Amino acid sequence: MCKGIGYNMTAMPNQFNHETQDEAGMEVHQFWPLVEINCSPDLNFFLCSVYAPICIEYYDKQLPACRSVCERAKAGCAPIMDQYGFAWPERMDCTKLPRFGDHENLCMDERNGSAPNLQPKKESCSCLHPLVQVDPTYREVGRYRNISPSVAGVEGCTIPCKGVHFSDRERAFADVWISTVAVICCVSTLMTMTTFLIDMERFKYPERPIIFLGGCYFMVSLGYIIRLAAGHDAVACDGSIIIYNYQLIRYNEYGSGLCTTVFLLIYFFGMASSIWWVVLAFTWFLAAGLKWGNEAISSYSTWFHVAAWLIPTLQTIAVLTMAAVDGEPVAGICFVGNLDARNLLGFVLIPLFIYLVLGSCFLLAGFVSLFRIRKVIKQQGRSRTEKLEKLMIRIGVFSVLYTVPATVVICCYFYEHAYLDAWQEALACPNSAHKGTGPDASVLMLRYFMSLVVGITSGFWIWSSKTLESWRRFYQRVCSSNRGHTYECPSRLPKEGSLEPPPAYPAASANPHASSVVSHFGSVNKTLPLTHV
Numbered sequence: 010m011c012k013g014i015g016y017n018m019t020a021m022p023n024q025f026n027h028e029t030q031d032e033a034g035m036e037v038h039q040f041w042p043l044v045e046i047n048c049s050p051d052l053n054f055f056l057c058s059v060y061a062p063i064c065i066e067y068y069d070k071q072l073p074a075c076r077s078v079c080e081r082a083k084a085g086c087a088p089i090m091d092q093y094g095f096a097w098p099e100r101m102d103c104t105k106l107p108r109f110g111d112h113e114n115l116c117m118d119e120r121n122g123s124a125p126n127l128q129p130k131k132e133s134c135s136c137l138h139p140l141v142q143v144d145p146t147y148r149e150v151g152r153y154r155n156i157s158p159s160v161a162g163v164e165g166c167t168i169p170c171k172g173v174h175f176s177d178r179e180r181a182f183a184d185v186w187i188s189t190v191a192v193i194c195c196v197s198t199l200m201t202m203t204t205f206l207i208d209m210e211r212f213k214y215p216e217r218p219i220i221f222l223g224g225c226y227f228m229v230s231l232g233y234i235i236r237l238a239a240g241h242d243a244v245a246c247d248g249s250i251i252i253y254n255y256q257l258i259r260y261n262e263y264g265s266g267l268c269t270t271v272f273l274l275i276y277f278f279g280m281a282s283s284i285w286w287v288v289l290a291f292t293w294f295l296a297a298g299l300k301w302g303n304e305a306i307s308s309y310s311t312w313f314h315v316a317a318w319l320i321p322t323l324q325t326i327a328v329l330t331m332a333a334v335d336g337e338p339v340a341g342i343c344f345v346g347n348l349d350a351r352n353l354l355g356f357v358l359i360p361l362f363i364y365l366v367l368g369s370c371f372l373l374a375g376f377v378s379l380f381r382i383r384k385v386i387k388q389q390g391r392s393r394t395e396k397l398e399k400l401m402i403r404i405g406v407f408s409v410l411y412t413v414p415a416t417v418v419i420c421c422y423f424y425e426h427a428y429l430d431a432w433q434e435a436l437a438c439p440n441s442a443h444k445g446t447g448p449d450a451s452v453l454m455l456r457y458f459m460s461l462v463v464g465i466t467s468g469f470w471i472w473s474s475k476t477l478e479s480w481r482r483f484y485q486r487v488c489s490s491n492r493g494h495t496y497e498c499p500s501r502l503p504k505e506g507s508l509e510p511p512p513a514y515p516a517a518s519a520n521p522h523a524s525s526v527v528s529h530f531g532s533v534n535k536t537l538p539l540t541h542v
């Protein structure tokens with residue numbers, strides 16, 4: 010600590026009656042954090058002059074530091090000590106030291122007695138608790154190899170895996186909250202996709218992108234469910250390095266299988282869902298504004314798929330190439346921009362904003378066209394505009410169910426981007442004006458909910474009597490395909506409490522030819538619906 014300060018000989022005991030340098034070093038070590046953050050350039054020299062005073066041959070008097078040295082050190086470091094509840098030590102009272110230029114009492118000051126700088130000091134930041142310093146020796150192993158994590162510009166500094174801003178109770182609530190929404194989203198989107206698979210002819214363009222949008226949200230919810238099944242530590246934490254019993258958050262991730270899998274499911278399919286929203290709005294515009302039929306729109310379906318899958322692929326490759334994937338301390342997922350505001354802006358905020366604006370423009374143009382069509386129909390004296398109005402209502406409701414959550418998600422990301430650097434600065438910089446600030450848990454919970462609620466509401470488009478009819482026909486097809494079975498699916502269930510079989514079937518009897526009768530009815534069902542047997 011006292012190497013290179015301008016002298017190399019000291020005299021013991023010092024003014025505090027320390028007999029050896031080791032004894033003095035044990036006490037002066039308590040000021041080491043202040044020296045590390047460089048709260049004052051004079052602190053190190055002042056401490057050494059007090060605990061290891063200079064010894065000059067043939068000069069038998071003490072040669073302390075000047076009062077001006079003490080005052081400059083105190084002016085820079087005392088405010089930081091006050092923040093942590095420590096006062097400037099009385100034994101280092103500056104008034105007890107001689108002034109610079111006093112010929113009766115010589116003292117040391119390489120700055121010739123200059124007064125302390127009372128202007129606001131430039132922010133000094135360091136890797137303070139609860140942040141964790143990753144030493145270069147640790148960066149030779151594990152996933153931190155050749156990577157220099159940083160917090161508020163402090164190189165080699167990172168945060169613990171479970172974060173520092175939220176309590177265990179808040180993280181437990183986040184787990185329950187995210188798991189509930191993810192499971193509901195998964196079930197809803199699975200129902201949407203299954204309905205599409207059993208009746209594909211029903212969902213033609215311009216409505217079909219809703220199905221692909223729902224499929225994307227199914228994969229996003231699956232990413233959250235995988236994280237919940239694997240656990241927070243397995244996905245978001247780097248278990249290869251444990252410092253002071255802390256696992257570290259994944260930083261600039263590019264190799265972990267589980268982390269990358271969760272990232273791909275949430276990021277890739279999340280971006281793909283946004284593009285399918287643009288495609289949906291565009292096809293509605295073609296149908297309503299340009300009067301395209303579903304056959305004409307379907308002829309461009311290949312290009313829709315190219316755009317919806319290629320663009321997110323390029324975005325994902327860019328993120329992985331730049332090793333920009335990192336752990337999310339609250340949800341325990343792997344995403345991009347959790348620890349870097351620039352990555353959040355470039356890979357998340359800007360793309361989502363562009364997709365939302367494009368889709369909204371096409372949607373608005375389509376609505377204007379629908380209103381014009383409705384006006385023309387009424388001017389021509391036609392009264393049957395119910396179907397058109399019903400379509401407009403459904404499109405309007407679904408648009409609100411998408412645009413409102415998407416807008417809220419963008420606002421939440423904008424909030425995180427605006428304050429992320431300030432939150433990190435509050436942790437690493439003792440003099441920061443943002444000291445004590447941190448993210449609002451309610452905003453994060455809202456973002457998690459809104460990022461999945463569109464998948465839940467994607468089923469809105471299939472919530473109709475046609476869906477029930479599709480499932481009824483599918484049920485009948487499955488039943489009629491059961492060849493060689495003695496039981497067939499009934500087209501009409503018997504009355505409650507009745508033990509009689511449905512009228513379409515022969516009553517059970519001991520007749521040895523009963524099986525042939527049943528077989529005969531089974532053969533009829535192969536060609537006719539049950540309702541016509």
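Throughout the sequence shown, residue numbering follows our numbering, covering 10 to 542 in sequence.
Just so it is clear, CB atoms sit at the ideal spot from N, CA and C, and this is done for glycine as well.
Bear in mind the structure is a predicted one, so any value in this text is a computation, not a measurement.
Assuming residue i and residue j form a contact by the criterion Cβ under 8 Å, report the distance between their Cβ atoms to the nearest whole angstrom.
i	j	result
W286	Y457	Not a contact, Cβ separation roughly 19 Å.
P338	C170	7 Å
Y364	S467	Contact doesn't hold; Cβ gap of about 16 Å is too wide.
G224	M202	5 Å
I207	S479	6 Å
Less than 9 Å between the beta carbons of residue i and residue j, yes or no?
i	j	result
E425	G346	yes
I15	E99	A small correction: the amino acid at residue 15 is Gly; Ile does not occupy that position in the sequence shown. Their beta carbons are not under 9 Å apart, which means G15 does not touch E99 by this criterion.
F278	Y214	no
V196	L461	no
C57	C79	no
I63	M10	no
Y60	N23	yes
L379	I404	yes
L361	I419	yes
Y422	L477	no
M280	T330	no
M21	E66	no
M459	V417	yes
I465	C194	yes
L299	L231	no
P448	H38	no
V463	L410	yes
Could you pull out every residue in the same chain whose Cβ sits closer than 6 Å to the Cβ of residue i, ignoring the five residues on either side in sequence?
i	result
H27	A33
Q30	none
L295	W301 and I306
A333	V345 and N352
Using a Cβ-Cβ cut-off of 7 Å (strictly less than) and excluding sequence neighbours within five positions of residue i, which residues of its own chain qualify?
i	result
F212	F205 and I220
A437	C134, S135, C136, L137, L140, V160, A161, V163 and C166
M200	G468
T292	Y214, P215, P218 and I306
T146	Its pLDDT being 47, under 50, T146 is placed unreliably in this model, and the value from its coordinates should be taken loosely. Closer than 7 Å at Cβ, skipping near neighbours: no residue.
A350	H426, L429 and D430
Where residue i and residue j are concerned, what is the direct C-alpha to C-alpha distance, given to the nearest angstrom?
i	j	result
K83	M101	9 Å
G266	C343	11 Å
L348	A183	19 Å
F109	C75	6 Å
I235	C246	15 Å
L508	T198	With a pLDDT of only 39 at L508, under 50, the local geometry of the prediction cannot be trusted, and no value is derived from it.
N53	Q92	20 Å
G355	H314	24 Å
P73	T446	42 Å
A191	A317	23 Å
N440	M90	11 Å
I252	R180	Residue placement at I252 cannot be trusted, given a pLDDT of 48 that sits under 50; what the coordinates show is reported in the next sentence. Looking at the two C-alpha atoms, the distance is approximately 22 Å.
L106	H443	36 Å
Y233	Y276	11 Å
L289	S489	36 Å
W312	L237	36 Å
P42	G172	23 Å
K12	V44	13 Å
N121	R178	56 Å
F25	M35	13 Å
P158	D335	11 Å
With a threshold of 9 Å between beta carbons, is residue i in contact with chain C?
i	result
L106	You won't find chain C in this structure, because it holds only one protein chain.
Would you be able to state if there are at least three C-beta pairs under 8 Å between the stretch 237-247 and the stretch 212-225?
no
Taking three-plus beta-carbon pairs below 8 Å as touching, is the stretch 265-281 in contact with the stretch 371-378?
no
Take every Cβ of the stretch 427-443, pair it with every Cβ of the stretch 378-385, and state whether three or more of those distances are shorter than 8 Å.
no
So, do the stretch 43-54 and the stretch 78-92 have three or more beta carbon pairs nearer to each other than 8 Å?
yes
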